[in-house]
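Residue numbers (this note's numbering), protein chains in the order written: chain D, 1 to 278; chain C, 279 to 1195.
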Amino acid sequence: MDLTSIEAVERPEGDAAIAARMGCFGDGDAWLAGGTWLFSEPQPQLRRLIDLAAAGWPPISADAEGLSIAATCTIAELDRFEAPGTWQASHLIGKCCRAFLASFKIWNVATVGGNLCMSLPAGPMISLTTALDGLCEILGPSGSSRKVPALDFVHGPLENALEPGEILRGVYIPAASLMRPAAFRRISLSPMGRTGALVIGTRAPDGGFDLTVTGATRRPVRVAFSYAPGLTALRAMIDVAIPPDLWHDDIHGRPEWRRHMVMQFAAEIVAELSEGAA
Amino acid sequence: MTFTVNGRKFEADPRPGQCLRNFLRDLGCFGVKKGCDAGDCGACTVHVDGAPVHSCLMPAARVHGRAITTVEGLADPDGALHPMQQSFLDNQGFQCGFCTAGMLMTATALDQSHRAALDWAMKGNLCRCTGYGSIRSAIEGKNPVSAANGQGACGRNAPAPAGPDIVTGRARYTMDTAVDGLLHMKILQSPHASARILAIDTREALAFPGVVAVLTHADAPARHFSTARHENPLEDVDDTLVLDPIIRFAGQRVAAVVAETEAAADAARSLIAVDYELKPAIFDPEEAMAPGAPVIHDKPAVSRIANAGRNIVAELHSEVGDVEAGLAEADVVHEGGFETQRVQHAHLETHGCIGWIDDDSRLVIRTSSQTPFLTRDALAALYDRPRESVRVFCERIGGGFGGKQEMLTEDIVALAVLRTGRPVKLELSRAEQFTLTTTRHPMRVSMKVGAKRDGTLTAISMRMLSNTGAYGNHGPGVLFHGAGEAVALYRCPNKKIDGYAVYTNVIPAGAFRGYGLSQTNFAIESAMDEVARSLGMDPFAFRRKNVVVPGDAMIAVDHGPHDVEFGSYGLDQCLDMVERSLADCARYPDLSEDWLVGRGMAAGMIDTIPPGGHHAESRIALVEGGGYELAFGTAEFGNGTTTVHAQIAAEILGSDPGRIRILQSDTDITSHDTGAYGSSGTVVAGAATQAAAEALAGEIRTAAAHRLGAAPEECVIGPDAVTAPNGRILLSDLTAGGGRLEAIGQTHGSPRSVAFNVQGFEVAVHRRYGVIRILRSIHAADAGAVINPRQCRGQIEGGVAQALGAALWEQVLIDGAGRVANGTFRGYHMPAMCDLPETEVHFADTYDSIGPMGAKSMSESPYNPVAAALANAIRDATGLRLRTTPFLADAIFEELVTASSSQMSRPEETESEPAEL
Ligand SMILES: Cc1cc2nc3c(=O)[nH]c(=O)nc-3n(C[C@H](O)[C@H](O)[C@H](O)COP(=O)(O)OP(=O)(O)OC[C@H]3O[C@@H](n4cnc5c(N)ncnc54)[C@H](O)[C@@H]3O)c2cc1C
Ligand code: FES
Ligand code: FES
């Protein structure tokens, strides 16, 4: 929709110009990535949009160490990425892209960074990067840069580790995580609707399991096991990791159902990954 | 900035925060539509450098140096249609056509992998009318249904006359026009559910650059009216003001800003300072009618509110026979309550209108309405003007479903036009559509149904509690209609109905597809299923034993005389067809043991015309050159009546529908038309066209007979000429030299007939997830003689789809403060292609003795039996009786897991399967 209060759209070109703009970031300013959220709601408090499109960051690159995804990488670019055969967990990329409520047309403009910065429970790029131990790079106004694990980046719906004016530069995913066997489960109240619960499990070479819960909870939650847990232990551990008020409650699912589904999925994932190990 | 649109180079700069959609429309690309303005509906899809994007989300500033293609640029410059446009035409992949541009721009951008997963690829495009069946066929390039099957013009799949304009983006909807000097209106809505406005300070807003006027209750006429539109305005309560100092729901109009630009109107709106005195609000209808509850409308008897002191807009108490005795006589009794929720019409084109003063000093309103004539009358009454000084007309309308049988924008735009003397536009945003218009009436219905061991019904008792919200629009009508046909369907000596339509401080409910029947049908057909079950009787057999058949009186509230007759009867056929089809044993090898499978059905009856008179006038002329011109009042909003009118006239005049030029929905061209509601576009207005065409045929025969020296009875009218045994005369010769033969037909909507629908479902319910999957959907309809089978099927597919949305997902949620909590398509889940099954449609073979050319109505009624049929199938699968719509997994999983554990073969936790959901 038209954002009628916007007075200017700026377009700094390159890192230096962006760093300079960061220095004078103020009230009424917002970074513009794909704009697929910004333009989907009235934003009467905003006066200026600062477009990151001209930053010139290479969208996605892989080497033996892992995968670098720029914040400005679009969902479409990420989905097109062809992973090396040894990255067993790379099927999660396509599945997480498909976990968007948004259709492939939105993918042409929506960015990975925009999704992380929205920090919504149903953010599938959050699911992907947290489950695979991603590391977020954050740029600060003084030219500084800091790294935060994706698991710690999102604090709750619309809340994250960014200070005002800071920019998410990108996410780095280590190859070791991408090489793990991984299982994916997701549900929404309508067949391809907005995520109500999303659970990803990966199996470590030493036989441990990492379950990452998103969608169902206000922020991503990791539940780690050093062995394949039985049902009772599994449920108990999840209940410890996710206290009642951490279950997300909105129109896309009541908390009781989200919890119920996470329990179901967790059991299914442990069974699936254990089978692979046998 | 420079860019190209459809190959043409442009140099233009957008406003800073402008989105591409509005920028393109400013450049004249009206094919780019707005369904939501928020990325959810896909109606605004365009290609940017070949990639499909939602133009409402794209900052216009980003298209510098890029190439944009809109629907207007799909066809070759020489006019040859893109194959996808042709396929949409061939398959008639549209009804109102508002979604079509976006569908086409998405469909033409699909690659191999998208096509392989079409449901998924199309999930960003919403259509409210079609149920997606015809759209899927169009994209898959299915062989189109032949237009030429059958004899004559009726009974054929004649294509919609507007088709070529729709697929090329040329069709003009309400907002698709550029008006010089246009002012824009924005409404300030109340944040409070119940308040009194103590003061409004508009000075700052008025001083804002570009603001022309700020309207408040001080500017509005003092006359109370009803936003509901009916032939007889006395059916509705007069409880509404254009702007009211008393606020009765969160979202109600407080003031309107009129400015040179939308941005100025937007900005100035936030500068209006309102001082509210908060008053107690009441949201529950049962509490609202309890003694001592705050009175929402303190109004005198002339308002026609049944009991203002108890917040009761309308009530109904009736008994035929003796229900107590009937229940005492019964071997089984089912007693239970059912609840249906508030849903939105969600037509893709929001409400809106543009008004101006024409050269004759008349007030002209170009609007999106199902009732242009009644709106004209209402505006004339409201502003004390002679009827002749008001003109209301509609271009093509992007869907209605009852929501536009209401005056929701025209009244305030008229005020602004009269005040400023300038053209004014009000186009509701999708959020305003959810908070400023109407919804279906939420209803609680308690049933008591008794039957004997052999299945004979002995008593039906029903209590209805309808929540009409803050204003009474349609509250009485919906209550009375809801108490009608769903009950009259059953032959039962003892029937008792108590009903209340009650005010609460929430968004008003209004007319909605089914008009009360979808709510009572859910309760009654669910209760009938329970009674049949407890008797161990098959639900079809139970219906056959108890439904009315010709010869029976159709009784709901009294024995009194009425004008409803069995003009035809096809319910028996409908029951047989659905039963047969459901009985076909399908196998589902991909369903694991987690899925419980069941079947269910429900039936429905509807009067073919609303009661109390429904008038229409058609004028048809043979004009110079030998062509026909047909003028009628009914608006076209995707229901397809325009095609049907042309078919009826063509059939009678021995012509081809394509040769009949149509003028419609303009108070300047015919004298009166009650409107396109109550599914009356075919049976009432079509009958007027039939009468007009028959009269014209008589005139043509007489004129030809005179010229040929033959008897009129000997003359046969053909497409180009009239033939008699002794000669032939061209139609064009009959009107040579500017002559014109003309006839008028009128109908008044009485007597009325009945139409029937039977819905069947086979479902699978996941016993651990609570998820429902529809395996088969079967619908049989008795629509009389079907004038256009493809269009009628489209109405049914669309009705079932809309009803599935309401049965499974849709709900307008009201928060603790009385505000709408999910007023966006992202929060309100309207079904996409991936959500809906294909519906198998059957028609009964009947010919109605009352309707035009043997036809009956068929646009609202397919909606009605869907929720109950689905609930009955779920009951069959799981043992769980669902009593509240929608059947959301998160609401039902606990009960479901418990209920289905008794039907379960294995312990709960040993299963695992991939969740492809
Ligand atoms: C139909 C539809 C469906 C959607 N479905 C989903 C869904 O299922 N799940 C979901 O999570 N979201 C969904 N969204 C919301 C949104 O589109 C996505 O979250 C998307 O990934 C946001 O990316 P963007 O690049 O468009 O962000 P933008 O709209 O450009 O920005 C979003 C926010 O993040 C900030 N921001 C963006 N990039 C950066 C950065 N690098 N550094 C700092 N701040 C930044 C912006 O200032 C803004 O506040 C949906 C949207 C639509 C229209
Ligand atoms: S108008 Fe753009 S997606 Fe609905
Ligand atoms: S035809 Fe699709 S919305 Fe009307």
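Beta carbons are placed, not taken as given, at the ideal position from N, Cα and C, and that holds for glycine.
Can you name the residues that DSSP bridges to residue i?
{"i": "T306 (chain C)", "result": "The identity of residue 306 (chain C) in the sequence shown is Gly, whereas the question assumes Thr. None, per the DSSP bridge assignment."}
{"i": "E1118 (chain C)", "result": "C:I1056"}
{"i": "S391 (chain C)", "result": "None; S391 (chain C) has no bridge partner."}
{"i": "P174 (chain D)", "result": "D:G66"}
In angstroms with no decimal places, state the Cα-to-Cα distance between residue i and residue j.
{"i": "P279 (chain D)", "j": "D836 (chain C)", "result": "Outside the modelled stretch of chain D, which goes from 1 to 278, sits residue 279 (chain D), for which no answer is possible."}
{"i": "R1104 (chain C)", "j": "P44 (chain D)", "result": "20 angstroms"}
{"i": "A1193 (chain C)", "j": "A216 (chain D)", "result": "Confidence is the limiting factor: at A1193 (chain C) the pLDDT is only 41, short of 50, which leaves the residue's position unreliable, though a coordinate-based value still follows. Cα to Cα, the separation comes out at about 16 angstroms."}
{"i": "A729 (chain C)", "j": "V611 (chain C)", "result": "7 angstroms"}
{"i": "I498 (chain C)", "j": "I6 (chain D)", "result": "Contrary to the premise, residue 498 (chain C) reads as Ala rather than Ile in this sequence. The straight-line gap from Cα to Cα measures roughly 33 angstroms."}
{"i": "E1191 (chain C)", "j": "P867 (chain C)", "result": "Any reading at E1191 (chain C) must be qualified, since the residue scores a pLDDT of 43, below 50, and its modelled position is unreliable; the value itself is stated next. If I take the Cα positions, the gap works out to 14 angstroms."}
{"i": "A30 (chain D)", "j": "L49 (chain D)", "result": "5 angstroms"}
{"i": "A927 (chain C)", "j": "K1134 (chain C)", "result": "17 angstroms"}
{"i": "A983 (chain C)", "j": "L1012 (chain C)", "result": "11 angstroms"}
{"i": "D1168 (chain C)", "j": "S1178 (chain C)", "result": "16 angstroms"}
{"i": "E1020 (chain C)", "j": "H893 (chain C)", "result": "20 angstroms"}
{"i": "L135 (chain D)", "j": "F153 (chain D)", "result": "9 angstroms"}
{"i": "R1184 (chain C)", "j": "L869 (chain C)", "result": "Interpretation of R1184 (chain C) is limited by its pLDDT of 38, a score under 50 that renders its predicted location unreliable; no figure is taken from the coordinates."}
{"i": "A222 (chain C)", "j": "A761 (chain C)", "result": "This structure cannot speak to residue 222 (chain C), because chain C is shown only from 279 to 1195."}
{"i": "H392 (chain C)", "j": "H360 (chain C)", "result": "19 angstroms"}
{"i": "E977 (chain C)", "j": "G1023 (chain C)", "result": "13 angstroms"}
Report yes if the C-beta of residue i is less than 6 angstroms from at least one heavy atom of ligand 1; otherwise report no.
{"i": "L189 (chain D)", "result": "no"}
{"i": "G14 (chain D)", "result": "no"}
Flag residue i as yes when its Cβ comes closer than 6 angstroms to any non-hydrogen atom of ligand 3, and as no otherwise.
{"i": "R708 (chain C)", "result": "no"}
{"i": "L158 (chain D)", "result": "no"}
{"i": "G140 (chain D)", "result": "no"}
{"i": "R406 (chain C)", "result": "yes"}
{"i": "C672 (chain C)", "result": "no"}
{"i": "Q373 (chain C)", "result": "yes"}
Are the C-beta atoms of residue i and some chain D residue less than 7 angstroms apart?
{"i": "F1171 (chain C)", "result": "yes"}
{"i": "H492 (chain C)", "result": "The question names His, but residue 492 (chain C) in the sequence shown is Val. Judged by the 7 angstroms Cβ criterion, V492 (chain C) is not in contact with chain D."}
{"i": "D304 (chain C)", "result": "no"}
{"i": "S1179 (chain C)", "result": "no"}
{"i": "R1161 (chain C)", "result": "no"}
Does any residue of chain C bring its CB to less than 7 angstroms from the CB of residue i?
{"i": "D249 (chain D)", "result": "no"}
{"i": "D279 (chain D)", "result": "Outside the modelled stretch of chain D, which goes from 1 to 278, sits residue 279 (chain D), for which no answer is possible."}
{"i": "P191 (chain D)", "result": "yes"}
{"i": "W57 (chain D)", "result": "no"}
{"i": "R219 (chain D)", "result": "no"}
{"i": "V199 (chain D)", "result": "no"}
{"i": "I242 (chain D)", "result": "no"}
{"i": "T232 (chain D)", "result": "no"}
{"i": "G14 (chain D)", "result": "no"}
Given 6 angstroms as the limit, tell me if residue i has its C-beta closer than that to any heavy atom belonging to ligand 2.
{"i": "H462 (chain C)", "result": "no"}
{"i": "G677 (chain C)", "result": "no"}
{"i": "G313 (chain C)", "result": "yes"}
{"i": "A321 (chain C)", "result": "yes"}
Residues of chain B with CB closer than 7 angstroms to the CB of residue i, please, in chain order.
{"i": "W1087 (chain C)", "result": "The displayed structure is made up of protein chains D and C, and chain B is not among them."}
Checklist entry - At a Cβ cut of 8 angstroms, what residues of the stretch 395-423 of chain C count as close to chain D, listed as they run along the chain? => result D397, W398, A399, M400, K401, G402 and N403
Next on the checklist: What are the residues in the stretch 143-169 of chain D lying within 8 angstroms of chain C by C-beta distance?
Outcome noted: none
Item to check | Proximal residues, the stretch 81-114 of chain D versus chain C, C-beta separation under 9 angstroms | outcome: R98, L101, A102, S103, F104, K105, I106, N108, V109 and A110
Item to check | chain C contacts made by the stretch 264-275 of chain D, where a contact means CB separation under 8 angstroms | outcome: Q264, F265, A267, E268, A271 and E272
Item to check | Interface positions of the stretch 315-335 of chain C facing chain D (Cβ-Cβ less than 9 angstroms), listed along the chain | outcome: D315, A316, G317, D318, G320, T323, V326, A329, P330, V331, H332, C334 and L335
Item to check | chain D contacts from the stretch 1092-1124 of chain C (Cβ-Cβ distance under 9 angstroms) | outcome: A1099, N1100, T1102, R1104, G1105, Y1106, H1107, P1109, A1110, C1112 and D1113
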